[in-house]
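Read through the structure below, which is laid out as structure tokens, and then see the notes.
As structure tokens, this is what we get:
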């Protein structure tokens, strides 16, 4: 009788890259940029090598973006600086997942610009 190790951790760079790219769902369907990566991270953080690190980075980045957007909305009244904040958040929210998906597919650690570490 062969005993199968149920706790085996596998290397899956494709799943890591897909997890980063699911953040772009917010641009396609309007929502899901936080929920879908959160579900993927929670369901496979113990099964895929590096998923815990990448998942935490993604969730921290998405929460930071939401916070920046919430701060930028009232800042529109202050000489229109909130508009620059919204544009910056939109650009960062689009470019950084793509850059980190490429990094994840190459086996590198994620690095998100201007991220507040809520989950460490």
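Residue numbers (UniProt numbering): 1 to 120.
Note that beta-carbon positions come from the ideal geometry of N, C-alpha and C, so glycine has one too.
If we count Cβ pairs, one from each stretch, closer than 8 Å, do we get three or more for the stretch 25-40 versus the stretch 68-75? Touching, no.
Give me the DSSP bridge partner(s) of residue 10. For this step, residue 10 is matched to residue 10 along the chain shown. 48.
Residues in its own chain within less than 6 Å of residue 86 by CB, not counting five upstream and five downstream? The residue given as residue 86 occupies position 86 in the chain shown. Around residue 86: 72.
Rounded distance between the beta-carbons of residue 41 and residue 58, thought under 8 Å: Taking the first residue of the chain shown as position 1, residue 58 is located at position 58. Taking the first residue of the chain shown as position 1, residue 41 is located at position 41. The C-beta distance from residue 58 to residue 41 rounds to 7 Å, short enough to meet the 8 Å contact threshold.
Does DSSP put residue 116 in a helix, in a strand, or in coil? For the purposes of this step, residue 116 is identified with residue 116 of the chain shown, where counting begins at 1. Correct three-state label for residue 116: coil.
Selected residue, minimal CA-CA separation from residue 23, among 119, 92, 105: To locate residue 23, count along the chain shown from 1; it is residue 23. For residue 23, the nearest C-alpha among the options comes from 92.
Once you ignore the five residues that flank residue 38 on each side, which residues in its own chain have a CB closer than 7 Å to its CB? Within the chain shown, numbered from 1, the residue matching residue 38 stands at position 38. Same-chain partners within the cutoff: 59.
Which of helix, strand or coil DSSP assigns to residue 34: Taking the chain shown and counting its residues from 1, the one referred to as residue 34 is at position 34. Residue 34: coil per DSSP, three-state reduction.
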